[in-house]
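Participant:
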Amino acid sequence: MNRRDLVAGKTIAGAAALTALAATAQAQATAKTTLDRILADKKIRITAEVTSPPFGTLDRNGQLDGSEIATSRQLAKDLGVELELVQVTAPQRIPALLAGRADLAISSLSITLDRAKTVAFCNPHGALSTVITAPKGKPIAAPADMAGKRIGLTRGTLEEAAVPKGAPAGVNFVFFDDIAATIQALLSGQVDGAGMSAFAASSVAERNPGAGLEKKFTVARAYYAPAVRQADHELRQWINTLVFLNKQNGVLADIYEKYTGEKLPDLPVI
Amino acid sequence: MNRRGLFATGTGLAGAALLLPSPAAAQGTAATTLDRILKEKVVRIACDTSSPPFGTIGSGGKPDGVEVACCKQLAKDLGVELDLVQVVATQRIPALLAGRADVTLSSISVTFDRAKTVAFCNPNGALSIVVFGPQKTAMTKAADMADKRIGITRATLEEAELPKIAPPGARIVWFDDISATIQALLSGQVDAASMSEFAARSVMERNPRAGIEVKFLVRRAFYGPIVRQADHELRQWVNTWIFLNKQNGVIAEIYTKYTGIDLPELPII
Numbered sequence: 001m002n003r004r005d006l007v008a009g010k011t012i013a014g015a016a017a018l019t020a021l022a023a024t025a026q027a028q029a030t031a032k033t034t035l036d037r038i039l040a041d042k043k044i045r046i047t048a049e050v051t052s053p054p055f056g057t058l059d060r061n062g063q064l065d066g067s068e069i070a071t072s073r074q075l076a077k078d079l080g081v082e083l084e085l086v087q088v089t090a091p092q093r094i095p096a097l098l099a100g101r102a103d104l105a106i107s108s109l110s111i112t113l114d115r116a117k118t119v120a121f122c123n124p125h126g127a128l129s130t131v132i133t134a135p136k137g138k139p140i141a142a143p144a145d146m147a148g149k150r151i152g153l154t155r156g157t158l159e160e161a162a163v164p165k166g167a168p169a170g171v172n173f174v175f176f177d178d179i180a181a182t183i184q185a186l187l188s189g190q191v192d193g194a195g196m197s198a199f200a201a202s203s204v205a206e207r208n209p210g211a212g213l214e215k216k217f218t219v220a221r222a223y224y225a226p227a228v229r230q231a232d233h234e235l236r237q238w239i240n241t242l243v244f245l246n247k248q249n250g251v252l253a254d255i256y257e258k259y260t261g262e263k264l265p266d267l268p269v270i
Numbered sequence: 001m002n003r004r005g006l007f008a009t010g011t012g013l014a015g016a017a018l019l020l021p022s023p024a025a026a027q028g029t030a031a032t033t034l035d036r037i038l039k040e041k042v043v044r045i046a047c048d049t050s051s052p053p054f055g056t057i058g059s060g061g062k063p064d065g066v067e068v069a070c071c072k073q074l075a076k077d078l079g080v081e082l083d084l085v086q087v088v089a090t091q092r093i094p095a096l097l098a099g100r101a102d103v104t105l106s107s108i109s110v111t112f113d114r115a116k117t118v119a120f121c122n123p124n125g126a127l128s129i130v131v132f133g134p135q136k137t138a139m140t141k142a143a144d145m146a147d148k149r150i151g152i153t154r155a156t157l158e159e160a161e162l163p164k165i166a167p168p169g170a171r172i173v174w175f176d177d178i179s180a181t182i183q184a185l186l187s188g189q190v191d192a193a194s195m196s197e198f199a200a201r202s203v204m205e206r207n208p209r210a211g212i213e214v215k216f217l218v219r220r221a222f223y224g225p226i227v228r229q230a231d232h233e234l235r236q237w238v239n240t241w242i243f244l245n246k247q248n249g250v251i252a253e254i255y256t257k258y259t260g261i262d263l264p265e266l267p268i269i
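The listed protein sequences derive, respectively, from chains A and B.
In terms of this note's numbering, the first sequence opens at residue 1 and continues consecutively.
In terms of this note's numbering, the second sequence opens at residue 1 and continues consecutively.
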């Protein structure tokens, strides 16, 4: 670095440091962080979206369940506070957080750049893969093998967007209005293979052992993560530490496998 | 399975968010730099355009290069206009600190000294520093620099790294910009020069008759975007941007397109 610039930088840094010191002292005297408040109240409020199996569901007794609910319960336990699940619809997950109705959103929020404009993502604690599933006899090992094949997709889903993107020319995509119709077409042989989430593919294969279905390849993988308000650095740091430790001790993997039937893939960090 | 919620695009959410007080207002704090960028719909990114292949002036007189392409991608993904603040290498950090830019994305290697005044985002690329020179300069390792004149450019990683491995008797000659270093090498004013492997490759390609070759590797370093230290929210968004563009391969594509080599695995801070 140019000497003059370095000196100038230090002067600016020095002045900034004095200002920052004053600001920190003031902040510590007047404002508690969200993490402080959670610990003082002994309660954390976390969003719960219960129409997205296997992430969030209502069980037969009307109790909240699913992998994200289990993660929220684990988090509150590890934090040593009471859990208040704030039930929200999918479009309300972020607004509920921003409006202060929840301290944290844990509702299978996939990480997107648009969402990152208004909230801060913690490190991912789960992943959702889109796969191509087909009977064992079908030679479809890679995207190129889909050429000349009939591949079923459900409208309005991630797979409808992701599968054609990486597909070769000559794939005969067949679109269905709901996943039940896609599954029916796969089982009846109307299509050679189908794109769906890895969870759905496992579930279909388990329920129809005679069909000899197997996952052929992964098309796309999206990671989801807890989200906090952008200013809540301390809470985000605590949650990242929780994600770190519960990756290390296998708790996140256990929850994921219990609800999804899938192995938790390696989780990258932001 | 209903996965509409998981994969709802940001559009619906952003629409809903607009109806609410901004996060900053809700929390009773001042608007952040990220808030301001989104409100004004323009992000000012400082980039040095005299450092191929990171920043160059292309054939049409327009800025180009790995980092310029990353600046464009970042603004596009942020959904705002790009105001590319062209700076010389020595002004990359001062321009940010003085508020002339919101981000500097200009192959800034992560160093302790820089981290005292700015906050590094996670690395978006890597560079190797080499010593290179004409075939007549006999040099295969650091010790061979004794009694040789080695040109380096100020405010670069090589300025920080090369003296550490230079033997007694090596004569390091400093230049204010890389074109002066290159000129000194081509004219024989120095016996060898140190710069990034990419810059060295570019010099060799453009001057095939100079008989220049890479002598040895000094070190590999990672570089990342920088923001002002208080801009936590912006840093977090940029880190999310890097995370997703590592996953989807866009950063690797840009890197390979301009450098001709594969992007190594990028660690995070």
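Cβ coordinates follow ideal geometry from the N, Cα and C atoms, glycine included.
List the whole-angstrom C-beta distance separating P134 (chain B) from A184 (chain B), where the pair is believed to meet the contact cut-off of C-beta under 8 Å.
Facilitator: That pair is no contact at about 12 Å.
Participant: For Q86 (chain B), which of B:D113, B:R100, B:A146, B:D77 has the nearest alpha-carbon?
Facilitator: Considering only alpha carbons, the answer is B:R100.
Participant: Excluding the 5 residues flanking K258 (chain A) on each side, which residues of the same chain have their C-beta closer than 8 Å to its C-beta?
Facilitator: Only S67, A70 meet the Cβ criterion.
Participant: For G151 (chain B), write down the residues that DSSP places opposite it in a beta bridge.
Facilitator: In the DSSP output, where bridge partners are listed per residue, G151 (chain B) has B:V173, B:A193.
Participant: Look at V103 (chain B) and L234 (chain B) and say whether their C-beta atoms are less than 8 Å apart.
Facilitator: Result yes, Cβ atoms of V103 (chain B) and L234 (chain B) sit closer than 8 Å.
Participant: With a CB to CB cut of under 8 Å and the five nearest residues on each side skipped, what residues in its chain are close to P52 (chain B)?
Facilitator: Excluding residues within five positions, the ones whose Cβ falls inside 8 Å are G65, F198, A199, S202.
Participant: Look up R201 (chain B) in the DSSP assignment and give the residues it is bridged to.
Facilitator: DSSP, once it has assigned bridges, lists no residue as partnering R201 (chain B).
Participant: Relative to the C-alpha of K263 (chain A), which candidate in A:A225, A:D232, A:S202 has its C-alpha closest?
Facilitator: Ranking A:A225, A:D232, A:S202 by Cα distance to K263 (chain A) puts A:S202 first.
Participant: Between A:T51, A:G195, A:Q87, A:I38, which has its C-alpha nearest I140 (chain A)'s C-alpha?
Facilitator: Among A:T51, A:G195, A:Q87, A:I38, the Cα nearest to that of I140 (chain A) belongs to A:G195.
Participant: Could you check where the alpha helix (DSSP H) with N239 (chain B) kicks off and where it finishes?
Facilitator: Where N239 (chain B) is concerned, the enclosing alpha helix (DSSP H) stretches over 232-247.
Participant: My output table needs one value for C71 (chain B): the three-state DSSP class, helix, strand or coil.
Facilitator: Three-state result, C71 (chain B): helix.
Participant: Which residue from A:E49, A:N123, A:A76 puts its Cα closest to that of G97 (chain A)?
Facilitator: It is worth fixing the name first, because residue 97 (chain A) is Leu in this sequence and not Gly. Closest by alpha carbon: A:E49.
Participant: Under 7 Å Cβ to Cβ from L187 (chain A), same chain only, skipping five residues before and after it: list those, please.
Facilitator: Closer than 7 Å at the Cβ level, and outside the excluded window around L187 (chain A), lie N208, A211.
Participant: Could you check what DSSP says for E253 (chain B) in three-state terms: helix, strand or coil?
Facilitator: E253 (chain B): helix per DSSP, three-state reduction.
Participant: Does any residue of chain B bring its CB to less than 8 Å from the CB of V163 (chain A)?
Facilitator: No, because no Cβ of chain B sits closer than 8 Å to the Cβ of V163 (chain A).
Participant: Look at T240 (chain B) and A116 (chain A) and say whether their C-beta atoms are less than 8 Å apart.
Facilitator: Yes.
Participant: Can you give the Cα-Cα distance for A25 (chain B) and T118 (chain A), rounded to whole angstroms?
Facilitator: Any reading at A25 (chain B) must be qualified, since the residue scores a pLDDT of 45, below 50, and its modelled position is unreliable; the value itself is stated next. Rounded to the nearest angstrom, the two C-alpha atoms are 12 Å apart.
Participant: Cα separation between A138 (chain B) and F54 (chain B)?
Facilitator: Spanning the two alpha carbons is a distance of roughly 29 Å.
Participant: Where in the region 78-122 of chain A do unbroken runs of the beta strand (DSSP E), each at least 3 residues long, occur, reported from the N-terminal end onward?
Facilitator: Segments of the beta strand (DSSP E) lying fully in the region 78-122 of chain A: 82-87, 119-121.
Participant: Out of curiosity, what's the CA-to-CA distance linking T157 (chain A) and V163 (chain A)?
Facilitator: Cα-Cα distance, rounded: 10 Å.
Participant: What's the C-alpha gap between V88 (chain B) and I46 (chain A)?
Facilitator: For V88 (chain B) and I46 (chain A), the distance between alpha carbons rounds to 48 Å.
Participant: What three-state label does DSSP hand I179 (chain A) in the structure shown?
Facilitator: Three-state result, I179 (chain A): helix.
Participant: Does H125 (chain A) come within less than 8 Å of chain B when only Cβ atoms are used?
Facilitator: No, its Cβ sits nowhere closer than 8 Å to a Cβ of chain B.
Participant: Please decide whether K149 (chain A) counts as near chain B, where near means a Cβ-Cβ distance under 8 Å.
Facilitator: So no, K149 (chain A) is outside the interface.
Participant: Would you kindly check if the distance between the Cβ of F132 (chain B) and the Cβ of A193 (chain B) is under 8 Å?
Facilitator: Contact: yes.
Participant: Across the region 111-124 of chain B and the region 251-266 of chain B, are there enough close Cβ pairs to call them in contact, namely three or more that are closer than 8 Å?
Facilitator: In short, these stretches touch, since the Cβ pair count reaches three.
Participant: Strictly below 8 Å CB to CB, what residues from chain A border E233 (chain B)?
Facilitator: The answer, in chain order, is A120, Q230, A231.
Participant: If you count every other CB in all the chains shown that lies within 10 Å of the CB of N246 (chain A), and 16 or more means buried, which is it?
Facilitator: Flag for N246 (chain A) reads buried.
Participant: Can you name, in chain order, every residue of its own chain whose Cβ lies under 8 Å from the Cβ of A102 (chain A), other than the five neighbours on each side?
Facilitator: Hits under 8 Å: R45, I46, T47, V86, V88, A96.
Participant: By the 9 Å beta-carbon criterion, what residues does the region 99-117 of chain A contribute toward chain B?
Facilitator: The residues in question are A99, G100, S107, S108, L109, S110, I111, T112, L113, D114, R115, A116, K117.
Participant: Are the beta-carbon atoms belonging to A222 (chain A) and L128 (chain A) less than 8 Å from one another?
Facilitator: Yes, these two residues count as a Cβ contact at 8 Å.
Participant: Less than 8 Å separating the beta-carbons of K215 (chain A) and T154 (chain A)?
Facilitator: No, Cβ-Cβ distance for K215 (chain A) and T154 (chain A) is not below 8 Å.
Participant: Look at the Cβ atom of I45 (chain B), then the Cβ atom of L105 (chain B), and state whether they are nearer than 8 Å.
Facilitator: Cβ distance < 8 Å, so I45 (chain B) and L105 (chain B) count as in contact.
Participant: Please confirm if Q86 (chain B) has its CB atom under 8 Å from at least one CB of chain A.
Facilitator: Not one chain A Cβ lies under 8 Å of Q86 (chain B).
Participant: Please state whether DSSP places I261 (chain B) in a helix, a strand or coil.
Facilitator: DSSP places I261 (chain B) in coil when its eight states are reduced to three.
Participant: What is the DSSP secondary structure of R92 (chain B), counted as helix, strand or coil?
Facilitator: In the structure shown, R92 (chain B) sits in a helix (DSSP, three-state: H, G or I).
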